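Worksheet: one structure, shown below.
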Amino acid sequence: MKLRTTIKGLDISAILHPKDKSTLDKLRKIPGFKSIVDKTVGSIMEKYAAIEYSAEGINVTDKSLPNIHRHVVEACRLLEIKNVPACSTDWDYDICSFSVGEQKPRIILQSGTVDLLSPEELYFMIGHELGHIKCGHKSYHMFTEAMYMPIANSDLNIWMSLVKMPLLNWYRISDFSADRIGLLCCQDINVALTTMIKMAGLPKKCYGRIHIKSFIQQAMDFNNNHSGMMDSIIKYLSINAAAMPWLVVRAGELWNWYSSGEYDRIIKRV
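The sequence shown maps to residues 5 to 274 in the numbering used here.
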């Protein structure tokens, strides 16, 4: 069993991806915006998630799913999160997790996440969702998600279209920051990368021979080989409506941050 270090006094502003930090700083400067979102959209979405996943999923407790519950509690301890968020499982065999709520956050782990990941990899996934909570993303995530709900008013739709795309771009970039927190939680770059490799579609029969260096090389080659004008247009059209960045891009971003030495400086400091 790996002995992990509690990350004490973590400076979140130093962890944030630069583009994430820039957008968050702008959103936080809007007077009263976060409070309004939390009391309206946030409150509704939190209540909706609590009802939906209590009705269709399984609430994770020390009695119902003790192993997962221990992971969540331990991940919170490692990241010095005092209020342990609610957690539920949901039936889907993708390796996927997400979180809802700012005041009463809830993490949802899909069944494939629990079955297909190792216990160490599960720390990365849970840490990633805790990272969104710890970074202060959730209020603005919920606002962005609400922007994509059907609205009948055409005038409002025109206004919303002006802000939806920049917000969705930030929504994707916020995963880069959350991945850093996920790594600080699992505390093993190889574990973080094997998680992403599995999420990217590695066949289960190949789980015993994962080649991490090839995946990192793929990430480096992707940036180097697809930088022309036509490549940029195709990238934009492909990722334009996606809620998450490509896994290869995420892996490259995390590897670059890890290779910068910042991860080691944080771990050694504590």
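Beta carbons are placed, not taken as given, at the ideal position from N, Cα and C, and that holds for glycine.
Remember, it's a predicted structure, so these values are computed and weren't measured experimentally.
Original post:
Do three or more CB pairs link the stretch 17–26 to the stretch 172–191 at distances below 8 Å?
Top reply: Using a Cβ-Cβ distance cut-off of 8 Å, the stretch 17–26 and the stretch 172–191 are in contact, since at least three pairs of beta carbons, one from each stretch, lie closer than that value.
**OP:** Could you name the residues of the same chain whose beta carbon sits closer than 7 Å to that of Cys210, not counting the 5 residues immediately before and after it, in chain order?
**Re:** There are no such residues.
Original post:
Thinking C-alpha only, which one of Leu134, Asn227, Gly140 and Val76 is nearest Val253?
Top reply: Between Val253 and the set Leu134, Asn227, Gly140 and Val76, the nearest pair of CA atoms involves Asn227.
Original post:
From Gln221 to Lys43, what does the alpha carbon distance come to, in whole angstroms?
Top reply: Distance between the alpha carbons of Gln221 and Lys43: 45 Å.
Subject >> Cβ-based neighbour list, Gln191, same chain, cut-off 6 Å, excluding 5 preceding and 5 following >> reply: The beta carbon of Gln191 lies closer than 6 Å to those of Arg8 in the same chain, with the five residues before and after it left out.
**OP:** Please name the residue in Cys139, Val88, Val195 and Lys51 whose C-alpha comes closest to that of Ser122.
**Re:** Its Cα nearest to that of Ser122, the residue Val195 stands out among Cys139, Val88, Val195 and Lys51.
Original post:
Applying the criterion that 16 or more other CB atoms from any shown protein chain within 10 Å of the CB defines a buried residue, is Ala255 buried or exposed?
Top reply: So Ala255 counts as buried.
**OP:** Have a look at Met224, Asp179, Arg176 and Val45 and flag the residue whose alpha-carbon is nearest the alpha-carbon of Ser263.
**Re:** Restricting attention to Met224, Asp179, Arg176 and Val45, the CA atom closest to the CA of Ser263 is found in Met224.
Original post:
Leaving out five residues before and five after Lys219 in sequence, what residues of the same chain have Cβ atoms less than 7 Å from its Cβ?
Top reply: For the record, residue 219 in the displayed sequence is Phe; it is not Lys. The residues are Leu197, Ile201 and Ala255.
Original post:
If you run the structure through DSSP and keep just helix, strand and coil, what is Ala156?
Top reply: Legend: pLDDT at Ala156 = 43, less than 50; position of this residue unreliable, value from coordinates given subsequently. Looking at Ala156 - three-state DSSP - the assignment turns out to be coil, as it is neither helix nor strand.
Original post:
Just curious, the alpha helix (DSSP H) that Val88 is in, first and last residue?
Top reply: Taken as a continuous stretch (DSSP letters only), Val88 belongs to no alpha helix (DSSP H), as it is neither H nor E.
Original post:
What are the boundary residues of the beta strand (DSSP E) that includes Ser103?
Top reply: Annotation for Ser103: the continuous beta strand (DSSP E) segment containing it runs Ser101 to Val104.
Original post:
Quick one: is Ser39 buried, meaning 16 or more other Cβ sit within 10 Å of its Cβ, or exposed?
Top reply: In summary, Ser39 is exposed, with fewer than 16 beta-carbon neighbours lying within 10 Å of its beta-carbon over all protein chains present.
Original post:
What's the gap between the Cα of Val41 and the Cα of Glu50?
Top reply: The alpha-carbon atoms of Val41 and Glu50 are separated by roughly 12 Å.
**OP:** Just grab the DSSP bridge partners of Leu113 for me.
**Re:** Answer is Thr93 and Ser101, bridged to Leu113.
Subject >> Length of the line joining the Cα atoms of Thr117 and Cys100 >> reply: Straight through space, the alpha carbons of Cys100 and Thr117 are spaced by roughly 6 Å.
Original post:
Looking at Leu83 and Lys142, is the spacing between their C-beta atoms short of 9 Å?
Top reply: No, the Cβ-Cβ distance between Lys142 and Leu83 is not below 9 Å.
Original post:
What distance in whole Å lies between the Cβ atoms of Thr199 and Met146, which are believed to be in contact at a cut-off of 8 Å?
Top reply: The pair is not a contact, with the Cβ atoms about 25 Å apart (cut-off 8 Å).
Subject >> Straight-line gap, Pro70 to Val64 (C-alpha atoms, nearest Å) >> reply: Here the C-alpha atom of Pro70 lies approximately 8 Å from the C-alpha atom of Val64.
Original post:
Is Gly1 near Ile112, with beta carbons less than 9 Å apart?
Top reply: This structure cannot speak to residue 1, because the chain is shown only from 5 to 274.
Subject >> Val90, buried or exposed, once every other Cβ within 10 Å from all chains shown has been counted against 16 >> reply: Looking at the sequence shown, residue 90 is not Val but Ala. With 16 or more other Cβ atoms within 10 Å, it is buried.
Subject >> For Ile270, the three-state DSSP class (helix, strand or coil) >> reply: In the structure shown, Ile270 adopts helical secondary structure according to DSSP, grouped into three states.
Original post:
Apart from the five residues on each side of it in sequence, which residues of its chain come closer than 6 Å, Cβ to Cβ, to Glu257?
Top reply: Here the set comprises Phe180.
Original post:
According to DSSP, what are the bridge partners of Ile62?
Top reply: According to DSSP, which records beta bridges pairwise, Ile62 is partnered with Thr93.
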